[in-house]
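Shown next, in structure tokens, is the structure this report addresses.
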Amino acid sequence: MSENTSSGVGVNGLRNLVIALVAIALSVTLVLGLQTSANSESLEAQAQNSTPLEVAVSNGKPTLMEFYANWCTSCQAMAGDMATLKQEYGNDINFVMLNVDNTKWLPEVLRYQVDGIPHFVFLDQDGSAIASTIGEQPLSIFQKNLTALINNNPLPYANSQGITSQLKNANPIIEGNQDNPRDHG
Numbered sequence: 001m002s003e004n005t006s007s008g009v010g011v012n013g014l015r016n017l018v019i020a021l022v023a024i025a026l027s028v029t030l031v032l033g034l035q036t037s038a039n040s041e042s043l044e045a046q047a048q049n050s051t052p053l054e055v056a057v058s059n060g061k062p063t064l065m066e067f068y069a070n071w072c073t074s075c076q077a078m079a080g081d082m083a084t085l086k087q088e089y090g091n092d093i094n095f096v097m098l099n100v101d102n103t104k105w106l107p108e109v110l111r112y113q114v115d116g117i118p119h120f121v122f123l124d125q126d127g128s129a130i131a132s133t134i135g136e137q138p139l140s141i142f143q144k145n146l147t148a149l150i151n152n153n154p155l156p157y158a159n160s161q162g163i164t165s166q167l168k169n170a171n172p173i174i175e176g177n178q179d180n181p182r183d184h185g
């Protein structure tokens with residue numbers, strides 16, 4: 001007689017079922033891992049293609065400035081929506097991305113009081129800050145805010161806060177100063 005159990009499933013069949021379940025679990029894990037790294041790469045690609053800050057504040061177009069970091073899960077989660085917004089509004093609005101881990105942007109981090117990311121600052125045509133939002137925001141909220149920004153109207157969902165990632169102390173000493181301006185203790 002063969003290696004059948006009382007339920008009619010052989011040992012080989014059970015082994016094959018376990019192997020199949022393990023393969024499915026590994027596949028799902030791999031796909032989820034690739035999505036996270038794809039979003040991170042997407043942030044880098046978007047940053048490379050964003051409008052330089054010095055151009056944005058002088059070209060007469062309103063601006064959405066995003067303070068982000070590659071390790072920020074909220075920034076990664078919004079990367080797809082931000083790419084959609086850039087396609088939809090890119091002709092009318094500057095999209096600027098400033099990485100908070102780059103000390104080059106420390107003056108802007110301090111000026112715009114960035115203490116959580118993603119942090120978005122809306123600038124009018126003259127380059128003056130008129131509103132901000134912090135954290136993950138739904139695409140529809142951004143669309144309404146950007147439409148209002150283009151039309152020079154008050155932003156309906158400005159100065160709001162969603163889910164944020166706290167800034168990491170990635171650069172503990174900046175230019176010889178023992179105090180880090182990102183420490184809020």
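In this note's numbering, the protein residues as written are 1 to 185. C-beta atoms are modelled at their ideal positions from N, C-alpha and C, and glycine is treated no differently.
Pair within 8 Å by beta-carbon distance, residue i and residue j
i: Asn-12; j: Leu-43; result: no
i: Tyr-68; j: Pro-118; result: yes
i: Ile-24; j: Leu-64; result: no
i: Asp-81; j: Leu-26; result: no
Simplified DSSP assignment, three categories, for residue i
i: Asn-151; result: coil
i: Gly-10; result: strand
i: Gly-60; result: coil
i: Val-100; result: coil
i: Ser-140; result: helix
i: Asn-159; result: coil
Residue i classed as buried or exposed, judged by whether at least 16 other C-beta atoms fall within 10 angstroms
i: Lys-61; result: buried
i: Glu-66; result: buried
i: Val-96; result: buried
i: Gln-87; result: exposed
Whole-angstrom distance between residue j and residue i, CA atom to CA atom
i: Leu-21; j: Thr-73; result: 29 Å
i: Val-121; j: Ala-129; result: 7 Å
i: Asp-124; j: Val-114; result: 19 Å
i: Ile-141; j: Ala-77; result: 15 Å
i: Gly-162; j: Gly-135; result: With a pLDDT of 49 at Gly-162, under the threshold of 50, the modelled position of that residue is not reliable, and no figure is offered here.
i: Leu-110; j: Thr-147; result: 28 Å
i: Leu-53; j: Ile-19; result: 53 Å
i: Asn-145; j: Trp-105; result: 25 Å
i: Val-55; j: Asp-126; result: 12 Å
i: Ser-58; j: Asp-101; result: 25 Å
i: Ala-131; j: Asn-159; result: 6 Å
Residue i versus the options, residue with shortest Cα-Cα distance
i: Gln-48; options: Asn-91, Leu-155, Asn-99, Glu-108; result: Asn-99
i: Ser-50; options: Asn-91, Leu-149, Gln-143, Leu-155; result: Asn-91
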